[in-house]
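J.: Okay, so the sequence shown: first residue is 552 according to this note's numbering, each after it adds one. Beta carbons are placed, not taken as given, at the ideal position from N, Cα and C, and that holds for glycine. As the structure is a computational prediction, the values presented were derived from the model and not from experiment. Below you'll find the structure I mean.
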Amino acid sequence: MLDKTKRGWWKSAVFYQIYPKSFQDSDGDGLGDIPGIISRLDYLETLGIDGIWLSPVYASPQADNGYDISDYQAVWPPFGAMADMERLIAEAKKRGISIIMDLVLNHSSDEHPWFREALKGRDNPCHDYYIWRDGTPDTPPNDLPANFGGSAWEYVPALGQWYYHQFAVKQPDLNWSNPRLRRALYDMIRFWVDKGVEGFRLDVIDNIGKEPDRKITARGPKLHEYVRELSREAFREEGLVTVGEAWSADVEEGRLYSDPSGRELSMVFQFEHNFADCGGWKWDLAPLDLPKLKRCMERWQKGLYGQGWNSLFWDNHDLPRIVSRWGDDGRYRVQSAKMLAAALHGMQGTPYIYQGEELGMTNIRLPIGEYEDIETQNAYRERLEQGYSEEDVMASIYARSRDNARTPMQWSAEKNAGFTTGTPWFVVNPNYTEINAEAALADPDSIFWFYRKLIALRKEYPVFRDGDFTLLDPDSERVFAYTRETADEGLLVVCNFTGEALPYPLPAGFEGAGPLISNYPAPESGVLRPYECFMLHRSGRR
Ligand code: GLC
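Structure representation (structure tokens):
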């Protein structure tokens, strides 16, 4: 077990993300809940993870599945009561698992009492907690778009004012230039620290310093000043882990967020690698450009080395399933899921496993009416309006909809995958009869046990945490290979990103090095089989 009183414990940790609505239902209402999570802690302990990033469980009208919070200090009743949350924190801690809560500080729900007060009039003390501009009903203050479609401005006739919302209309942005608002947020955070929460994931933190009049939405001029104040005022404990979600971060920004002096956050959670198969924005599909992906990884590995700390992830609740995306979710599902895991877990940073990734869960394809996600529904409408064909739009949705990641967790081959005894809130992927946790636990060659081994390796060999990074053969469109080195150890990671066998001579310096892990039973000299991966370890410098 990691000593979590030590600063930087999270550098040796592996985290697991739970999307509560889809994890485990305990009472048959078709929605996952906190008692359901508690009932699966033993499973997570078996996997070997050190912490759970819990997507929002707060009171919420669920316009964006809980990322629209109406009370930060209450639990959404279908998820359970505060006592359940307290039990989850305690039960997880017993198993060496920290609870890391999701903090949505950029916006609240329009049903939050602050916003309800704000609507009462310009003189109300809460009015300035949000971002308002005077105007007339037909002319928004400017043409800034909302991330979920339409204008970022919404008119309130009774006030003769527009409010700003970077996401849905029901997610008004909080005004971080108001010190009373900031204080209220810090007090709320302390409430959770006092309950025993050991860390926080900060939702779209790069948006808090926005200046909408200048059309600056992310990376505003006061962003880092705010993050530093937040860190000073709310994250005083040495052991707290803080993770900043920042879609806009480049390496330089990443260094600011995760500067080892600790004045901002423990680590950055950035998405640059996520655009290695995008023509422009997420809906513009392009084949994976492996050299681009590798260069991006290299830039971050080198750029933060000794100067910051990164998160390592392929999947989360906003992204499609990695095995369907960059692997092969048909014939080579098991091999490619393991290969992708190895490619990621060999790097420096803190790995995140998204629920079901450890089973190789896959994307889904549904008729448009069955998608639940607000972003997906809005994108469907807008892309059609922009002139894309129905076929194109649906191809983008199949590949990229956030709902790919939100189907219920597949626990067993029982009805509804063992997720619920009721009617699931969202479709269960029909492949649950084959892909499920029970089957994975029973099969020593499963993806689950491969992940468990990767997690254990990270704890056993300091090179995973400390080694420097050298990318091998950067231009190869088929193989992702790299080394990690410290004064005492060397690690070689080799991953075939294709479904074909390739000739592969072992790089110099690793002849005779010991095998750590592989997705094929025995090595075959000079050849990489379809989606093959392996790691070799050597003591001592080359
Ligand atoms: C983050 C969340 C996403 C949410 C958005 C608005 O990107 O991960 O799910 O919709 O912020 O809160």
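Quick one: using the 10 Å Cβ neighbour count with 16 as the cut-off for buried, is Arg-1089 buried or exposed?
T.: When all chains shown are included, Arg-1089 counts as buried.
J.: Using a Cβ-based criterion (distance less than 6 Å to any ligand heavy atom), does Tyr-594 qualify as near the ligand GLC?
T.: Checking the Cβ of Tyr-594 against the ligand GLC gives no.
J.: Keeping to the same chain, check which residues put their C-beta closer than 7 Å to that of Asp-835; ignore five residues upstream and five downstream.
T.: Once the five neighbours on either side are set aside, the close Cβ partners of Asp-835 are Cys-829.
J.: Do you know offhand how far Arg-957's Cα is from Gly-701's?
T.: Straight-line Cα distance between these residues: approximately 24 Å.
J.: Around the ligand GLC, which residues pass a check of Cβ closer than 5 Å to any of its heavy atoms?
T.: The answer, residue by residue, is Asp-615, Tyr-618, Phe-718, Asp-754, Val-755, Asp-869.
J.: Which partner residues does Cys-677 have in the DSSP bridge list?
T.: In the DSSP output, where bridge partners are listed per residue, Cys-677 has none listed.
J.: What does the alpha-carbon distance come out to for the pair Glu-908 and Asp-554?
T.: Looking at the two C-alpha atoms, the distance is approximately 27 Å.
J.: Could you please give me the residues that DSSP links to Tyr-609 through a beta bridge?
T.: Its beta-bridge partners are Val-626.
J.: Tell me where the alpha helix (DSSP H) around His-775 begins and ends.
T.: It spans 774–785 - the alpha helix (DSSP H) in which His-775 sits, taken as one unbroken run.
J.: Kindly indicate which residue of Gln-852, Pro-628, Tyr-680 has the alpha-carbon position closest to the one of Asn-730.
T.: What sits at residue 730 in the sequence shown is Pro, not Asn. Of Gln-852, Pro-628, Tyr-680, the residue nearest in Cα terms is Tyr-680.
J.: Could you tell me which of Phe-1031, Asp-576, Gly-581 sits nearest to Arg-1120, measuring between CA atoms?
T.: In the structure displayed, the chain extends from 552 to 1093; residue 1120 sits before or after that span and is not available.
J.: Output yes or no for whether 7 Å exceeds the beta carbon distance between Trp-743 and Met-652.
T.: Result yes, Cβ atoms of Trp-743 and Met-652 sit closer than 7 Å.
J.: Which of the three DSSP states, helix, strand or coil, is assigned to Asp-745?
T.: It is helical.
J.: Is the closest heavy atom of the ligand MN to the C-beta of Tyr-777 under 6 Å?
T.: Looking for the ligand MN in the displayed structure turns up nothing; the ligands present are the ligand GLC.
J.: Can you list, in chain order, the residues of its chain whose CB lies under 6 Å from that of Pro-771, leaving out five sequence neighbours each side?
T.: Checking the sequence shown, residue 771 turns out to be Gly, not Pro. Closer than 6 Å at the Cβ level, and outside the excluded window around Gly-771, lie Gly-760, Lys-761, Glu-762.
J.: Nearest chain B C-beta to Pro-838 closer than 7 Å, yes or no?
T.: Any reference to chain B falls outside this structure, which holds one protein chain only.
J.: Which residues in the same chain have their Cβ closer than 7 Å to the Cβ of Leu-757, if we skip the five residues on either side of it in sequence?
T.: Going by the sequence as given, residue 757 is Asp instead of Leu. Hits under 7 Å: Ala-769, Arg-770, Leu-774, Ala-797, Trp-798, Ser-799, Ala-800.
J.: Quick test of the definition: if touching needs 3 or more C-beta pairs under 8 Å, does the region 980–992 touch the region 895–903?
T.: Short answer: they don't touch.
J.: How far does the beta strand (DSSP E) with Cys-1084 in it reach, from first residue to last?
T.: Segment 1084–1090, the beta strand (DSSP E) holding Cys-1084.
J.: Figure out for me which residue from Glu-923, Gly-900, Ala-634, Gly-1063 has the closest Cα to the Cα of Val-978.
T.: If we check each option's Cα against that of Val-978, Glu-923 comes out closest.
J.: Reducing DSSP to helix, strand and coil, say where Pro-902 ends up.
T.: The answer is strand: DSSP assigns Pro-902 an E or B state.
J.: Quick check on DSSP: helix, strand or coil for Phe-1015?
T.: In the structure shown, Phe-1015 sits in a helix (DSSP, three-state: H, G or I).
J.: Roughly how many angstroms lie between the CA atoms of Pro-981 and Glu-936, to the nearest whole one?
T.: Their backbone Cα atoms lie some 32 Å apart in a straight line.
J.: Using a threshold of 7 Å, state whether the C-beta atoms of Val-608 and Val-626 are closer than that.
T.: Against a cut-off of 7 Å, the Cβ pair of Val-626 and Val-608 comes out as a contact.
J.: Using 10 angstroms around the beta-carbon of Pro-959, count the other beta-carbons present and answer buried if the total reaches 16, otherwise exposed.
T.: Classification for Pro-959: buried.
J.: Judging by CA-CA distance, which residue of Tyr-594, Arg-558, Tyr-618, Phe-566 is the nearest neighbour of Gly-602?
T.: Closest by alpha carbon: Phe-566.
J.: Please list the terminal residues of the continuous alpha helix (DSSP H) segment that includes Thr-927.
T.: Looking at the DSSP string, the run of the alpha helix (DSSP H) that includes Thr-927 is 925–936.
J.: For Thr-1096, count neighbouring Cβ atoms within 10 angstroms of its own Cβ and tell me buried if that reaches 16, exposed if not.
T.: The shown model of the chain, from 552 to 1093, leaves out residue 1096, and the question about it has no answer.
J.: Assign Asp-996 to one of two classes, buried (16 or more other C-beta atoms within 10 Å of its C-beta) or exposed (fewer than that).
T.: Answer is exposed; the Cβ neighbour count stays below 16.
J.: Suppose the cutoff is 6 Å on Cβ atoms and the five residues either side in sequence are ignored; what does the same chain contact list for Thr-974 look like?
T.: Within the same chain, Thr-974 has close Cβ partners Gly-581.
J.: Would you kindly report the start and end of the unbroken alpha helix (DSSP H) that includes Cys-847?
T.: Residues 841–854.
J.: Would you kindly report the start and end of the unbroken beta strand (DSSP E) that includes Glu-945?
T.: A small fix is needed here, since residue 945 is Met in this sequence, not Glu. Premise fails: Met-945 lies in the alpha helix (DSSP H), 941–951, not in any beta strand (DSSP E).
J.: So the candidates are Asn-726, Ser-649, Cys-677, Asn-675; which of them puts its Cα closest to the Cα of Arg-752?
T.: Ranking Asn-726, Ser-649, Cys-677, Asn-675 by Cα distance to Arg-752 puts Ser-649 first.
J.: Let me confirm a value: Gly-805 is counted as buried when at least 16 other C-beta atoms fall within 10 Å, else exposed. Which label applies?
T.: Burial call: buried.
J.: In chain order, what residues of the same chain lie with their CB nearer than 8 Å to the CB of Asp-1024, ignoring the 5 residues before and after it?
T.: These residues qualify, in order along the chain: Val-1030, Ala-1032.
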